[in-house]
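Here the sequence shown is numbered in this note's numbering, starting from 1 and rising by one per residue. The beta carbon of each residue, even a glycine, is placed where N, CA and C say it ideally should be.
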Amino acid sequence: MRRQSLNPPFSRRVRPPQAGIGLAFFFEYLDHRIKNPDEIKHYLGLTFLGLVPSVDLEHVSPSSSASAVPPAFNEAFRSIRTSVIFSVPEEGSRSIVVTSSQPGEGKTIVASNLAMSLAQTGQRVLLIDGDMRKPRQHDIFQVKREPGLSDLLVGQAKAADVMRKTGAHGLHLLPSGALPPNPAELLGSSRFADLLKALGEHFDWIVIDSPPVHAVTDAVVVAHRTNGVIFVVGSEQIGRQMAARGVEKVQAANGHIIGAVLNRVNVDRNPYYYSHYYRKDYANYYASTETKT
């Protein structure tokens with residue numbers, strides 16, 4: 001005779017709440033993506049320059065009116081600007097490279113908005129689109145891409161022909177120009193070094209938007225020709241090891257990384273944690289906001 005189960009029919013064993021909590025911590029342990037400023041300091045060994053909250057892309061163009069951009073976004077770049085100014089010695093013109101480990105972390109948006117924020121202090125700023133593979137700065141500022149940097153470096157254009165005025169006072173743009181077959185060679189040439197030196201006589205700051213370091217060598221080539229590198233890390237987008245290898249590539253080329261920016265942070269997920277990385281008068285804004293940006 002078949003023995004009946006001692007358990008009543010349709011009964012299920014109830015999982016204790018501790019098991020669910022433990023499972024959550026387990027998956028958190030397996031998640032190696034960089035999510036907060038403390039991880040930038042601990043795993044990458046970099047100075048934390050500031051974080052940028054996640055916003056709709058249509059709101060982050062430097063050509064947008066101030067009212068169209070969330071206050072937290074503007075405040076983030078004012079904070080980053082202060083960190084950058086104190087991180088780069090004031091000895092004539094100062095030049096910085098903005099890059100990331102991989103595509104999609106937002107280095108182009110960080111470069112353009114940082115350049116605009118520097119110009120708002122009354123300084124003369126030049127933003128160079130050094131990404132001659134997938135340039136975007138000309139789209140952001142709605143200007144012609146050609147002629148630009150590549151045309152200038154190969155002698156097909158003059159400096160006066162490639163400079164573009166932007167809607168921001170004191171900010172000029174040097175677009176990428178025609179897409180060349182050898183961007184790294186152009187950026188590593190003595191002609192580019194001479195160009196940076198000449199431009200330094202006319203601008204207080206030069207901000208260079210460069211391709212990601214894991215994709216190509218362009219950023220590594222340019223890094224040692226400038227005062228420093230800003231490393232953009234997309235929040236919850238890249239693993240710790242991959243980001244660390246990107247940092248090592250820049251440092252191996254004698255590039256000086258002045259710090260990292262944590263980009264596209266979901267502030268609403270943990271407002272009390274992130275709020276202390278901003279000015280105190282913005283803490284209440286983050287704690288009480290209900291609209292996801």
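Mind pulling the alpha helix (DSSP H) runs of 4 or more residues that sit fully within the stretch 100 to 159?
107 to 119, 137 to 141 and 149 to 153
Hey, residue 207 and residue 109 are a contact pair by Cβ (cut 8 Å); roughly how many whole angstroms apart?
Wrong, their Cβ atoms sit about 12 Å apart, outside the cutoff.
Going by CA-CA distance only, name the one from 213, 242 and 170 that's closest to residue 229.
213
If we call anything under 8 Å between Cβ atoms a contact, is residue 141 one with residue 113?
no
In this structure, how does DSSP classify residue 203 when only helix, strand and coil are distinguished?
coil
Rounded to a whole number of angstroms, what is the C-alpha to C-alpha distance between residue 289 and residue 72?
Residue placement at residue 289 cannot be trusted, given a pLDDT of 43 that sits under 50; the coordinates are not used to answer.
Assuming contact is defined by CB atoms lying nearer than 8 Å, are residue 313 and residue 177 in contact in what I supplied?
Outside the shown range of the chain, which is 1 to 293, sits residue 313, and nothing can be said about it.
Roughly how many angstroms lie between the CA atoms of residue 171 and residue 243, to the nearest whole one?
31 Å
Write down the C-beta distance between residue 129 and residue 175 rounded to the nearest angstrom, noting that I regard them as a contact closer than 8 Å.
5 Å
So, helix, strand or coil for residue 78, using DSSP?
helix
Pull up the CB-CB distance for residue 137 and residue 195, whole angstroms please, since I reckon it's below 8 Å.
Not quite, the Cβ-Cβ distance comes to about 17 Å (not below 8 Å), so this is no contact.
For residue 190, count neighbouring Cβ atoms within 10 angstroms of its own Cβ and tell me buried if that reaches 16, exposed if not.
With fewer than 16 other Cβ atoms within 10 Å, it is exposed.
Which stretch, first to last residue, makes up the beta strand (DSSP E) that contains residue 264?
According to the DSSP assignment, residue 264 belongs to the beta strand (DSSP E) that extends over 257 to 265.
How long is the line joining the alpha carbons of residue 119 and residue 227, rounded to whole angstroms?
In this structure, the alpha-carbon of residue 119 lies about 18 Å from that of residue 227.
Short check: CB of residue 126 to CB of residue 199, under 8 Å?
yes
Taking buried to mean at least 16 other C-beta atoms within 10 Å of its own C-beta, is residue 53 buried or exposed?
buried
Any idea what DSSP makes of residue 172, helix, strand or coil?
Here residue 172 sits in strand by DSSP.
What residues are listed by DSSP as bridge partners for residue 180?
For residue 180, which the question treats as bridged, DSSP gives no partner whatsoever.
Return the CA-CA distance between residue 224 and residue 183, expressed in angstroms with no decimal places.
16 Å
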